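Novice: Below are the structure tokens for one structure; questions will follow.
Protein chains in written order, with the numbering used here: chain H, 4 to 294; chain B, 2 to 361; chain L, 41 to 297.
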């Protein structure tokens with residue numbers, strides 16, 4: 004079967020319409036998980052099928068798409084998804100955050116603040132923030148509808164009682180616009196502050212679990228905490244060894260078998276941008292004459 | 002010095018090439034044709050059609066070849082293909098009472114109209130490896146019987162006539178479509194049956210087995226198991242009548258289960274139902290047991306907390322395409338989250354060390 | 041006891057019963073769970089329901105507390121917004137009652153505790169469910185309540201699975217009472233415990249009932265429990281209430297021995 008046998012961006016228009024309705028409902032009720040009839044995609048569940056369906060429903064031929072996994076454009080799954088849309092939609096692609104109109108991501112929010120008109124699509128494995136406290140879907144949906152969120156704080160209480168601090172480092176639960184408690188997908192909690200008041204439209208797709216939810220532009224997103232144990236966004240206490248950035252999320256890279264390691268920006272586009280602008284880190288190579 | 006993880010694209014292309022070569026195996030050995038798979042691995046083809054929810058033996062055989070015999074992978078290929086197909090319409094419900102049976106057995110009656118027909122079954126074979134097959138697969142033709150004009154009515158119809166078994170409520174309501182609407186719990190029986198018939202055979206088998214061992218026991222008898230071809234008909238609005246558009250093979254199992262009676266009904270037998278594409282009798286029997294166990298609420302039975310009574314548990318975990326995708330996704334990179342955990346553990350250990358120091 | 045309430049606007053109004061049950065019935069197939077049950081519970085009153093096993097007392101309690109849907113009848117509770125039939129009220133409202141004005145102490149503490157959550161977390165959950173967001177305050181209240189149910193402060197970060205049966209039951213009581221519920225349901229609260237442990241728990245319960253002026257409905261087959269705790273008694277047999285009255289009268293002059 005040739006690629007021409009598939010519709011623009013793979014999904015048929017009926018399916019896209021169904022997904023767009025779910026997206027619109029999600030935007031109308033920020034943080035609420037909208038059930039949708041997730042389709043089988045030609046990639047496995049758990050590998051971004053929810054994000055891919057949301058992206059497919061949003062894409063128009065004029066779009067410019069960026070796909071990242073772990074903040075990087077060149078990780079294998081990001082490559083695979085980007086290729087899928089190049090093949091089925093023929094849209095322009097980019098690695099530059101600023102140039103993209105649609106960004107599909109797994110596990111990170113780009114460092115560069117997003118602007119109006121951009122759409123950030125998150126891949127979500129488990130959309131239900133209460134799932135590991137209460138395994139039953141019928142029960143958790145009831146808890147959301149009744150705003151019964153006491154259990155969520157019990158989890159945070161237990162963290163502090165045991166560890167002296169809230170020991171949740173990623174997929175850190177948030178409350179959206181004062182109503183729904185939401186799982187922001189497994190982004191590090193370092194990224195949580197970027198969720199709130201963003202100029203971009205943020206869409207979340209969970210294919211296997213058949214849920215779509217949304218954070219519209221300029222929506223308040225608050226990380227759950229206690230008054231006397233406020234939320235703290237954390238990162239490795241280092242600067243990027245390549246570009247010297249002090250405020251970006253870092254990956255730790257083991258460079259030898261003697262305990263040697265270096266820290267580099269997880270957002271590869273951000274790091275490259277800084278290096279191109281002449282910034283240089285501890286182990287970076289000069290790209291121009293300056294130091 | 003640091004080398005960025007570049008070249009993902011080339012690595013993927015090379016892996017695909019390697020996979021294709023490995024799939025072919027030793028080029029000195031003749032290549033399998035799709036027709037060979039379709040004809041000689043027919044039960045595998047049936048399973049892929051059943052769990053792929055698409056009746057097309059040629060495509061299923063192709064999927065098995067492409068998936069190197071990994072049936073879940075083959076089901077996945079079929080599902081991904083199926084989901085893109087346009088829906089031209091819906092057929093009329095098939096009439097399994099009109100099935101041209103190749104196999105039909107009842108465990109509840111010794112003899113009955115239409116007779117017991119063993120058909121092509123492993124049941125009474127001795128499970129001894131047949132080394133002749135390794136050398137030469139030629140078999141003499143099997144004896145045949147003349148086609149019987151006798152009707153083969155459903156066994157449960159006999160019980161129904163005497164009011165001994167619950168009446169199946171008749172409805173012309175359009176059943177919900179699991180592949181077009183999100184599953185919302187609690188579901189209807191129609192939706193449950195859809196989910197189970199495309200569910201993983203191993204999972205459904207184990208769930209059914211657990212009910213037999215006491216986890217939600219329903220005392221099932223196989224009232225009838227029948228396998229054969231049924232006509233698929235479709236109403237053509239322009240013509241004003243229905244036409245036969247093809248024929249599919251189905252396995253159907255109806256169980257007869259014990260029932261004590263309820264508030265409003267005198268004691269009578271109840272039913273469990275299984276219907277699966279192709280010759281898939283293990284799945285059809287298992288399906289009917291699981292269906293029956295899930296009906297506890299509607300029949301006013303106690304929930305004893307058995308897994309097979311738990312609709313949410315069974316339906317949310319029956320689909321092997323969902324399960325395998327999520328299971329295997331944990332091999333994707335997670336280093337951003339792992340980094341966050343690493344920092345947390347380091348910080349907690351530092352705090353603990355400080356406290357120990359202070360305690361000295 | 042003076043039966044008046046002062047409403048927010050300062051006017052006094054005659055107080056009604058806290059709980060008013062009329063013609064409550066529940067069948068299991070042809071068998072009667074409970075039938076024709078009617079009674080009033082007044083604020084500050086403790087009602088004991090006694091009977092042999094199978095007499096319908098646990099079915100009745102489940103129907104009263106909204107855990108089981110009765111076939112007929114009314115269970116009218118004097119909510120903060122006036123009397124409401126809790127049978128016909130929406131599930132959200134009923135669940136809200138369940139975590140605010142009502143409390144339920146199960147016979148088996150495992151049914152009423154989160155066994156994987158620490159003692160402090162168990163006590164704190166109801167506080168957090170109604171909006172408490174200060175860790176230090178929640179912990180202080182949990183400590184206070186652990187003290188009131190005679191659990192040592194250093195056990196606050198232990199899980200209930202490490203507790204004895206008596207301690208688990210006391211923890212369950214603390215968890216239920218921490219938000220000051222207006223009505224407490226108790227199902228055989230001393231049921232699974234040793235005799236010596238029972239005595240200590242009873243003593244503790246009596247203290248709490250007196251001190252907090254609790255309104256409670258206690259189901260038990262243990263007459264010592266009702267003699268000590270209950271103002272009034274209902275005796276059940278075969279799903280029917282066969283006798284009711286002041287505890288001392290019923291116990292000292294039983295009509296259905």
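Heads up, the beta-carbon is just placed ideally off N, CA and C, and yes, glycines get one too. Keep in mind the model is a prediction, meaning the values are calculated, not measured.
Within its chain, find whatever has a CB closer than 7 Å to the CB of residue 55 of chain B; leave out the 5 residues flanking it on each side and keep chain order.
Specialist: 79 and 83
Novice: Nearest to residue 157 of chain L by alpha carbon, out of L:195, L:143 and L:278?
Specialist: L:195
Novice: Quick one: is residue 18 of chain H buried, meaning 16 or more other Cβ sit within 10 Å of its Cβ, or exposed?
Specialist: Counting the other Cβ atoms within 10 Å of the Cβ of residue 18 of chain H gives 16 or more, which makes it buried.
Novice: What are the uninterrupted segments assigned as alpha helix (DSSP H) that are 4 or more residues long and contained completely in the region 79-133 of chain L, given in chain order?
Specialist: 97-104
Novice: Determine the extent of the alpha helix (DSSP H) in which residue 1 of chain B is found, giving its start and end residues.
Specialist: In the structure displayed, chain B extends from 2 to 361; residue 1 of chain B sits before or after that span and is not available.
Novice: For the alpha helix (DSSP H) containing residue 156 of chain L, name the first residue and the last one.
Specialist: Where residue 156 of chain L is concerned, there is no enclosing alpha helix (DSSP H), given that its DSSP letter is neither H nor E.
Novice: In angstroms with no decimal places, state the Cα-to-Cα distance between residue 270 of chain H and residue 255 of chain H.
Specialist: When rounded, the distance between both Cα atoms is 13 Å.
Novice: Taking 8 Å as the CB-CB cut-off, is residue 54 of chain H touching chain L?
Specialist: With its beta carbon at least 8 Å from every one in chain L, residue 54 of chain H lies outside the interface.
Novice: Taking 8 Å as the CB-CB cut-off, is residue 18 of chain B touching chain H?
Specialist: no
Novice: Is the distance from the Cβ of residue 213 of chain B to the Cβ of residue 44 of chain B below 8 Å?
Specialist: no
Novice: What are the residues in the region 123-138 of chain L lying within 8 Å of chain H by C-beta distance?
Specialist: 131, 132, 135 and 136
Novice: Is the beta carbon of residue 104 of chain H closer than 8 Å to that of residue 93 of chain H?
Specialist: Cβ distance not < 8 Å, so residue 93 of chain H and residue 104 of chain H don't count as in contact.
Novice: Could you pull out every residue in the same chain whose Cβ sits closer than 7 Å to the Cβ of residue 191 of chain H, ignoring the five residues on either side in sequence?
Specialist: 172, 173 and 252
Novice: Over what stretch of residues does the beta strand (DSSP E) that includes residue 258 of chain B continue unbroken?
Specialist: 242-258
Novice: Look up residue 280 of chain L in the DSSP assignment and give the residues it is bridged to.
Specialist: L:277
Novice: Classify residue 195 of chain H as helix, strand or coil using the three-state DSSP reduction.
Specialist: helix
Novice: Between residue 58 of chain L and residue 83 of chain L, which are expected to be in contact by the criterion C-beta below 8 Å, what is the C-beta distance as a whole number of angstroms?
Specialist: 5 Å
Novice: With burial defined as no fewer than 16 other Cβ atoms inside 10 Å of the residue's Cβ, what is the status of residue 15 of chain B: buried or exposed?
Specialist: Residue 15 of chain B should be labelled exposed.
Novice: Nearest chain L C-beta to residue 4 of chain H closer than 8 Å, yes or no?
Specialist: With a pLDDT of only 39 at residue 4 of chain H, under the threshold of 50, the placement of this residue in the model should not be trusted; the figure read from the coordinates follows. With 8 Å as the cut-off, residue 4 of chain H does not count as an interface residue toward chain L.
Novice: Give the DSSP bridge partners of residue 292 of chain L, in chain order.
Specialist: Under DSSP, residue 292 of chain L forms no beta bridge with any residue.
Novice: Look at the alpha carbon of residue 46 of chain B and the alpha carbon of residue 302 of chain B, and state the distance between them as a whole number of angstroms.
Specialist: 38 Å
Novice: Check whether chain L comes within 8 Å of residue 167 of chain H, counting only Cβ atoms and requiring the distance to be less than that.
Specialist: Not flagged as an interface residue toward chain L: residue 167 of chain H, since no C-beta distance is shorter than 8 Å.
Novice: Between which residues of its own chain and residue 6 of chain B is the CB-CB distance below 7 Å, once the five residues before and five after are set aside?
Specialist: Any reading at residue 6 of chain B is ruled out, since the residue's pLDDT is 46, under 50, leaving its predicted position unreliable.
Novice: Within 8 Å (strictly less), CB to CB, does residue 358 of chain B reach chain H?
Specialist: Cβ-Cβ to chain H under 8 Å: no for residue 358 of chain B.
Novice: List, in chain order, every chain L residue whose beta-carbon is nearer than 8 Å to that of residue 151 of chain H.
Specialist: Result: 135, 139 and 169.
Novice: To which residues of the same chain is residue 143 of chain H closer than 6 Å at the C-beta, ignoring the five residues directly before and after it?
Specialist: 131, 133 and 137
Novice: Going by C-alpha distance, which of B:118, B:143 and B:187 is nearest residue 153 of chain B?
Specialist: Closest option to residue 153 of chain B, Cα to Cα, is B:118.
Novice: What in chain L is Cβ-close to residue 162 of chain H, meaning under 9 Å?
Specialist: Simply none; closest approach about 10 Å.
Novice: For residue 355 of chain B and chain H, any beta-carbon pair shorter than 8 Å?
Specialist: Residue 355 of chain B has a beta carbon lying at 8 Å or more from every beta carbon in chain H.
Novice: Check whether chain H comes within 8 Å of residue 166 of chain B, counting only Cβ atoms and requiring the distance to be less than that.
Specialist: no
Novice: Take residue 242 of chain L and list the residues in its own chain whose beta-carbon comes closer than 8 Å to its own, dropping the five residues that flank it on each side.
Specialist: 230, 264, 265, 268 and 269
Novice: Answer with buried or exposed for residue 17 of chain B, where buried requires no fewer than 16 other C-beta atoms within 10 angstroms of its C-beta.
Specialist: exposed
Novice: When you compare each of L:221, L:167, L:111 and L:163 to residue 127 of chain L by their alpha carbons, which one comes out closest?
Specialist: L:111
Novice: Could you tell me whether any Cβ in chain A is nearer than 8 Å to the Cβ of residue 256 of chain B?
Specialist: Judged by its chain identifiers, the structure shown contains no chain A, and its protein chains are H, B and L.
Novice: Is the separation between the beta-carbon of residue 349 of chain B and that of residue 170 of chain H shorter than 8 Å?
Specialist: yes
Novice: Taking the beta carbon of residue 62 of chain B as the centre, do at least 16 other beta carbons fall within 10 Å, making it buried, or is it exposed?
Specialist: buried
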